[in-house]
Amino acid sequence: MPQTPMQTDPNTPMIEIRGLKTHFFTDDGLVKAVEGVDLDIHPDRTLCLLGESGCGKSILARSILRIVDAPGRITGGSILYRAADGRMVDLARARPGSRELREIRGGDIAMIFQEPMSSLGPIQKIGRQITETIRLHRDVSKAEAREEAIDMLARVGIPRPAERFEAYPFELSGGMRQRAMIAMALSCQPRLLIADEPTTALDVTTQAQILDLIAELREEFRMAVLLITHDLGVVAETADDVAVMYMGKIVEKSDVYGLFEAPKHPYTRALLESVPRIGQIGRGRLPAIRGMVPHPLARPSGCTFRTRCDHAMAGLCDQREPRLKPQGAGEVACFLHDDEVRHPAKRNAARPGQDTESADA
Ligand SMILES: Nc1ncnc2c1ncn2[C@@H]1O[C@H](COP(=O)(O)OP(=O)(O)OP(=O)(O)O)[C@@H](O)[C@H]1O
Ligand SMILES: [Mg+2]
83 MPQTPMQTDP NTPMIEIRGL KTHFFTDDGL VKAVEGVDLD IHPDRTLCLL
133 GESGCGKSIL ARSILRIVDA PGRITGGSIL YRAADGRMVD LARARPGSRE
183 LREIRGGDIA MIFQEPMSSL GPIQKIGRQI TETIRLHRDV SKAEAREEAI
233 DMLARVGIPR PAERFEAYPF ELSGGMRQRA MIAMALSCQP RLLIADEPTT
283 ALDVTTQAQI LDLIAELREE FRMAVLLITH DLGVVAETAD DVAVMYMGKI
333 VEKSDVYGLF EAPKHPYTRA LLESVPRIGQ IGRGRLPAIR GMVPHPLARP
383 SGCTFRTRCD HAMAGLCDQR EPRLKPQGAG EVACFLHDDE VRHPAKRNAA
433 RPGQDTESAD A
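Numbers 83 to 443, taken from our numbering, label the letters of the sequence shown in order.
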């Protein structure tokens, strides 16, 4: 298949998210699940989205595919998708149910979920579901689609794939169902795979196998992968880049080395500090950080993390919202790292690595 330079240039983002807002209009009030996210997704790289439960990871991912359920909807911003032919599509503005969106979803961009049954229908054989997906997006005969589906089932490590082709999802084990879902997602060779906690429900061995498989297929198909996870071990093993999310916002972006070696945002640090030692990163879920995530209907003013931050500066962090700014090789949204807005006398204390000094500022 001929590839345009854009497809292979890892410096040109495949997805550019700008100022994205996805809100839920509930009876109790407005839940700002995604509140002004800027994020780029690059071809041929794995971006891990990290953050505690409820911070908006899944809703951000679902916004990209436009599968946010009511009472939620995108209320602002853009999701520019650069198609293989270089055409730009704003997914945030695409008409729901439009042909354009249906072609992109499942064709160019595929998603796998924590619970395979949320994308595998229960009453249809595995093989039929995969061939239907293939034929929805590509002009191939039934026989060709069948052959490709069986081939893909074998690729994802399902033994006796021709037999499994005829199985119903409930006849497979959890790990095999997860593999079948991945086979279905990859059957159209998507340019972007979004994986939302794809292994959380699996045992550790199967988890590792599935992550290896995603990494292998990413390389082979030169896909972009957006991997959502709570698990720092998974991040360390799979990520090229990391985005840390808190209360609907990205608070830090970095490549994976920068994140583990020199985390900047107090939230990122708190996440990592609870891990005993680099090299001993466990597979557990994120350790608890002091305090609780505020109720989504009671967002703190200014920096939403300030209520749990040891370095919060009165009169600043509660008044103004920090924006993502370049810092080292990454970006961070924190006044501790923003010399411009801090009092000139405290400028020196704003240098990364000297948070203790600035704590009593
Ligand atoms: N249907 C809904 N109605 C109202 N609020 C919702 C709905 N779905 C999600 N939310 C809210 O949106 C916010 C983000 O939820 P989201 O599912 O994206 O979190 P998450 O980061 O994926 O968490 P987890 O790690 O537990 O999967 C949460 O505050 C959640 O309560
Ligand atoms: Mg989620």
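In this text, a Cβ means the ideal position worked out from N, Cα and C, and glycines have one as well. On a predicted model such as this, the values are computed, not experimentally measured, just so you know.
Query                                                                                                                                                        : Result
Report all residues from its chain with a CB closer than 8 Å to the CB of PRO153; omit the five preceding and five following residues, and keep chain order. : PHE106, PHE107, THR108
Could you tell me if the beta carbon of SER200 falls within a distance shorter than 7 Å of some heavy atom in ligand 2?                                      : no
Identify the continuous beta strand (DSSP E) that holds GLY101 and give its terminal residues.                                                               : 97-108
Tell me, to the nearest whole angstrom, how far the beta carbon of SER160 is from that of ARG100; I am working on the premise that it is less than 8 Å.      : 5 Å
Measuring only from the beta carbon, is ASP278 closer than 7 Å to any heavy atom that is part of ligand 4?                                                   : Inclusion of ligand 4 in the displayed structure is not the case, the ligand content consisting of ligand 1 and ligand 2 alone.
Which whole runs of the alpha helix (DSSP H) in the region 130-192 are 4 residues long or more, in chain order?                                              : 139-147, 181-186
Using the C-alpha atoms, what's the distance from PRO243 back to ILE146?                                                                                     : 32 Å
Leaving out five residues before and five after ASP120 in sequence, what residues of the same chain have Cβ atoms less than 7 Å from its Cβ?                 : ILE99, ARG100, GLY101, ILE332, LEU406
Return yes when the Cβ of VAL324 is within less than 8 Å of the Cβ of CYS130, no when it is not.                                                             : yes
Return yes when at least one heavy atom of ligand 1 lies under 7 Å from the C-beta of PRO376, else no.                                                       : no
Buried or exposed for SER140, please, with buried defined as at least 16 other CB atoms from any protein chain shown within 10 angstroms of its CB.          : buried
Just the C-alpha distance for ASP91 and MET193, rounded to the nearest angstrom, thanks.                                                                     : 23 Å
Are the beta-carbon atoms belonging to VAL307 and ALA277 less than 8 Å from one another?                                                                     : yes
Indicate whether at least one CB of chain B lies closer than 8 Å to the CB of ALA166.                                                                        : The chain inventory of the structure shown lacks chain B, comprising one protein chain alone.
What's the call for ILE149, buried or exposed, on a 16-neighbour Cβ count within 10 Å?                                                                       : exposed
Helix or strand or just coil, what does DSSP make of SER336?                                                                                                 : strand
Would you say the beta carbon of ILE141 comes nearer than 7 Å to a heavy atom of ligand 1?                                                                   : yes
At 4 residues or longer, and completely inside the region 212-239: list those alpha helix (DSSP H) runs for me, N to C.                                      : 224-237
Report yes if the C-beta of CYS130 is less than 7 Å from at least one heavy atom of ligand 1; otherwise report no.                                           : no
Sorry if obvious, but does the Cβ on SER336 come closer than 7 Å to a heavy atom of ligand 1?                                                                : no
Taking only runs of the beta strand (DSSP E) that begin and end inside the region 278-341, which ones reach a length of at least 3 residues, in chain order? : 306-311, 323-328, 331-337
Can you check DSSP and say which residues form a bridge with THR94?                                                                                          : Paired residue(s): none; THR94 is not in a bridge.
So who's on the other strand from VAL119, going by DSSP bridges?                                                                                             : LEU102
Please state whether DSSP places GLU245 in a helix, a strand or coil.                                                                                        : helix
Could you tell me the alpha carbon to alpha carbon distance between THR320 and LEU275, rounded to whole angstroms?                                           : 14 Å
Can you tell me whether VAL113 sits near ligand 1, meaning its C-beta is under 7 Å from at least one heavy atom of the ligand?                               : yes
Closest to ASN93 by CA distance: which of ASP122, ARG187, LYS114 is it?                                                                                      : ASP122
From this set, VAL286, ASP285, ALA267, which residue's C-alpha is nearest ILE296's C-alpha?                                                                  : ALA267
Using 8 Å for Cβ pairs, my map puts HIS347 next to GLU334. What's the rounded Cβ distance?                                                                   : 4 Å
Less than 8 Å between the C-beta atoms of ILE191 and ARG273, yes or no?                                                                                      : yes
Suppose you measure from the CA of THR104 to the CA of GLU245; what does that come to, to the nearest Å?                                                     : 43 Å
On a Cα-Cα basis, can you pick out the residue from SER383, ARG372, TYR349, ALA380 that is closest to VAL414?                                                : TYR349
How is the beta strand (DSSP E) around GLU413 delimited, first residue to last?                                                                              : 412-414
How is ARG359 classed by DSSP in three states: helix, strand or coil?                                                                                        : Confidence is the limiting factor: at ARG359 the pLDDT is only 47, short of 50, which leaves the residue's position unreliable and the question unanswerable from this model.
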